[in-house]
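In the numbering used here, the protein residues as written are 55 to 151. Input: a single structure, listed below in structure tokens.
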């Protein structure tokens, strides 16, 4: 039997760390927008609160935009810190073979 050397395990960002990545920020934000719209529609149909559709959409878009910007900044910051850690670990003198 022959043994084959496995290549590096690539994560979702293709960095070769093999670390499992969490869900993307955009997916979470838009999922929350859809859930919020559904909840507001149910509340409106039950007659608990009278909602103005224009104000609801404006509020949701402002909230979603802010969440996407903040989530992107947090993701970029954590990605750069992981890259710095990987650079520090690469030069530790360990021989791989």
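Every residue, glycine too, gets a C-beta built ideally from N, C-alpha and C. Note that the structure is predicted; figures quoted are calculated from it, not measured.
query                                                                                                                        : result
Boundaries of the alpha helix (DSSP H) in which residue 180 is found, first to last residue                                  : It is not possible to answer for residue 180, since the shown part of the chain is limited to 55 through 151.
Sub-8 Å separation of residue 125 and residue 89 beta-carbons                                                                : no
Contacting residues, own chain, Cβ-Cβ under 8 Å from residue 104 (five flanking each side not counted)                       : 98
Any non-hydrogen atom of the ligand HEM closer than 7 Å to residue 80 Cβ                                                     : Absence of the ligand HEM from the depicted structure is noted, as is the absence of any ligand whatsoever, leaving it without description.
Residues of its chain near residue 119, where Cβ-Cβ distance is below 7 Å and the 5 sequence neighbours each way are ignored : none
Under 8 Å between C-beta atoms of residue 91 and residue 114                                                                 : yes
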